[in-house]
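Chains as they are written, first to last, in my numbering: chain A, 363 to 748; chain B, 363 to 748.
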């Protein structure tokens, strides 16, 4: 995407010499207006297409991708707070700051994953946009599974199985319904009420949803997505023994050291494709494998002229840990629409003024800078020393 | 600071069961109002006092501090984009995202350092506040030198020398003027115009400012601050040969691998106190030293019952690389005032709704969710494959 495009600099002169830099803020209300204008299906389709394009065109000379890093904690409840940065050299940095707190749902009525995404002009350090990350994370995680499934699953897949029926399962179903002729969803959650209520969450898809025992999901699915909050060390969440021979699995939940969803026996006989190998080896299903036992990455899959589908007869697994590049893609989709539609609050966030060498000069415009009157320094020193 | 204090959770129920989480945004305009209400001197005094308290009370069991990490680049101009995170366990994460672009000033009329600071509730992942980071960075960098100088410099220091007369020098002078009986400032910048214009930037201090040759600054200063954008590998910026025997130096500029301001000969005979040793060894003056040759950190200085001043007769150096804990301190000072004064725009940033397991439920309130009408999947598949 050219830097002169709709995401080009928003720097402009105004009021004489005063430099203005605006930050576009997209919160819940703005996101609702945006979806109303663009359409949810169209947004998902665009995100899938843009992700495929970006993965295919990825060049490490132009884009510097980092593994997720963060803080882990056990109290008051186990969780993680992480930062996920990616830089397009000479153009921008996108950083998602994301909390993963499974106790949110029952304890606070909040999503497990809450996040915000920021876009910086890397040439100046200016924050160009701040966006809700909760809705975009769900969108792009669904889109990533759709891209992987397009390369790994049977195109005529009709039954989608879901293990774990929380927020991420909704966009798995949505994204896959855009690419496959799904006829029904078979779903399982260790909380029966969460499985039962899933039909309501995906009613907009117009597909029959059956809450069934886990073994039925395993037996009936052509494509299966695991999106659970299984505790570290408590996996797997599948037996893997009764799967269809052509099964493709999107393993979405593993995103922490020690957190895995699939049985090792299944991984060993499957073609396992990580989204981003360095991260998957630390946080994904690939933790269970040696590097030599791992298949092509999602980057390699989309660039390969040989379809991944040739591997059929053998299960395929997309090891989705979630990468910053996906956040960049969905943010660009959303921001392009926001700018075209004039959606978003514009804030002058950074304190600027006529003299870039004076951090107080923004205070001079309205006489806020104090008068040149010294207070008694001895009072200050003794106040600090007491 | 207790989590029930003025920075406690801003979560509240409203409109039936809908959960609201507000994000307080403090931009340039809000910052100007805040300084007008509180006073710039009072803000600096509070930041100095709060930093001293926080350093003295620091406990790694409760606060997890990380070294700065980031992206470095050479094009279009050399610069860095970095993230600086710190977590108070069970309470909050503060992250500053900061760009360091010396070409900003001449090329764009923008400060070298542009940044924004975010405060997250670590228990939920919610973004509680977003704040300009440019003004707070200057404040806290001045405050850090003041705290160090209180422990290392002579209390009767009257002459402040400044090498490098840009934005950071302004708050060095301001902060030190709050603790020492300064009579005059002697300043040098490799750009004569930047040295000459410095008097205007600190006119609010009511102190005489003399733009003089570098050797005069070295000879006359009781306390000396280096705050330059010297290029990597191009230091030192001082000769160090004509300093007063009791000189204390705040070395503020070194913040990159290879970027240092002080001559090794001076560092070898001085007591060198880093702000945060792991970072100073990579980015500070301490890069030039072996760990065994480095003195107490700022944390140790403020906690020691023995005053650092006992080292006199020997030069002292504060190796200030800038740490996330300082950003946390200044953000808390500013946010406490903002909340008390009702300053800041409140935004509902994260998309939330009645069902935390449904990332689309915020779209249901106004009928934005699409009808249950399937588009033809085959169109989608072929669109993606073309």
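In this text, a Cβ means the ideal position worked out from N, Cα and C, and glycines have one as well. Owing to the predicted nature of the structure, the values given are computational and were not obtained by experimental measurement.
Residue i versus residue j - alpha carbon distance
i: residue 706(A); j: residue 463(A); result: 28 Å
i: residue 550(A); j: residue 572(A); result: 9 Å
i: residue 637(B); j: residue 489(B); result: 28 Å
i: residue 648(A); j: residue 639(A); result: 8 Å
i: residue 552(A); j: residue 580(A); result: 14 Å
i: residue 440(A); j: residue 470(A); result: 14 Å
i: residue 566(B); j: residue 722(A); result: 10 Å
i: residue 717(B); j: residue 619(A); result: 28 Å
i: residue 729(B); j: residue 396(A); result: 13 Å
i: residue 725(A); j: residue 561(B); result: 17 Å
i: residue 438(B); j: residue 554(B); result: 26 Å
i: residue 664(B); j: residue 390(A); result: 44 Å
i: residue 405(A); j: residue 498(A); result: 10 Å
i: residue 563(B); j: residue 442(A); result: 44 Å
i: residue 593(A); j: residue 594(B); result: 46 Å
i: residue 646(A); j: residue 624(B); result: 46 Å
i: residue 612(A); j: residue 444(B); result: 33 Å
i: residue 465(B); j: residue 505(A); result: 39 Å
i: residue 596(B); j: residue 398(B); result: 41 Å
i: residue 536(B); j: residue 644(B); result: 28 Å
Which listed residue (the options) has its alpha carbon closest to that of residue i
i: residue 416(B); options: 660(B), 599(B), 497(B) and 720(B); result: 660(B)
i: residue 601(A); options: 622(A), 428(A), 708(A) and 436(A); result: 622(A)
i: residue 468(A); options: 591(A), 413(A), 518(A) and 617(A); result: 591(A)
i: residue 386(B); options: 703(B), 729(B) and 714(B); result: 703(B)
i: residue 384(B); options: 606(B), 474(B), 701(B) and 644(B); result: 701(B)
i: residue 449(A); options: 435(A), 436(A), 475(A) and 421(A); result: 421(A)
i: residue 582(B); options: 642(B), 720(B), 547(B) and 557(B); result: 547(B)
i: residue 676(A); options: 697(A), 644(A) and 629(A); result: 629(A)
i: residue 666(A); options: 696(A), 594(A), 650(A) and 418(A); result: 418(A)
i: residue 632(B); options: 657(B), 696(B), 519(B) and 472(B); result: 657(B)
i: residue 598(A); options: 643(A), 616(A), 644(A) and 731(A); result: 616(A)
i: residue 518(B); options: 465(B), 536(B), 684(B) and 584(B); result: 584(B)
i: residue 715(B); options: 520(A), 596(A) and 472(A); result: 472(A)
i: residue 428(A); options: 655(A), 662(A), 680(A) and 642(A); result: 642(A)
Close Cβ partners of residue i (< 7 Å) along its chain, the five nearest in sequence each way excluded
i: residue 614(B); result: 503, 507, 530, 534, 587, 588, 589 and 682
i: residue 446(B); result: 430, 457, 458, 460, 686 and 689
i: residue 454(B); result: 481, 482, 483 and 484
i: residue 627(A); result: 602
i: residue 435(B); result: 441
i: residue 651(B); result: 629 and 634
i: residue 610(B); result: 511, 514, 515, 585 and 678
Beta-carbon contacts of residue i that lie in its chain and below 8 Å, excluding the five residues immediately before and after
i: residue 451(A); result: 423, 424, 425, 426 and 484
i: residue 541(B); result: 410, 508, 511 and 512
i: residue 710(A); result: 382, 383, 384 and 385
i: residue 575(B); result: 550
i: residue 577(A); result: 601 and 604
i: residue 520(B); result: 542, 543, 544, 545, 546 and 584
Check whether residue i and residue j have beta carbons under 8 Å apart
i: residue 538(B); j: residue 559(B); result: no
i: residue 487(A); j: residue 477(B); result: yes
i: residue 678(A); j: residue 569(A); result: no
i: residue 713(A); j: residue 407(B); result: no
i: residue 634(A); j: residue 413(A); result: no
i: residue 693(B); j: residue 475(B); result: no
i: residue 500(A); j: residue 527(A); result: no
i: residue 752(A); j: residue 544(A); result: Any property of residue 752(A) remains undetermined from this structure, which presents chain A solely from 363 to 748.
i: residue 388(B); j: residue 708(B); result: no
i: residue 653(B); j: residue 402(A); result: no
Own chain, CB closer than 6 Å to residue i, minus 5 neighbours either side, in chain order
i: residue 699(A); result: 396 and 400
i: residue 393(B); result: 494 and 497
i: residue 720(B); result: none
i: residue 524(B); result: 531, 549 and 587
i: residue 727(B); result: none
* Asked: Unbroken beta strand (DSSP E) runs of length 3 or more, entirely within the region 588–651 of chain B: which are they?
  -> 610–613 and 633–636
* Which parts of the region 427–478 of chain A are runs of the beta strand (DSSP E), unbroken and 3 residues or longer, counting only runs that do not cross its ends? -> 431–435, 441–450 and 454–462
* Enumerated in chain order, which unbroken segments of the beta strand (DSSP E) with a length of 3 residues or greater are wholly contained in the region 704–737 of chain A? -> 707–709
* To do: Counting only runs of 4+ residues fully inside the region 526–592 of chain A, write out the alpha helix (DSSP H) ranges in chain order.
  => 529–539, 554–558, 560–563 and 576–582
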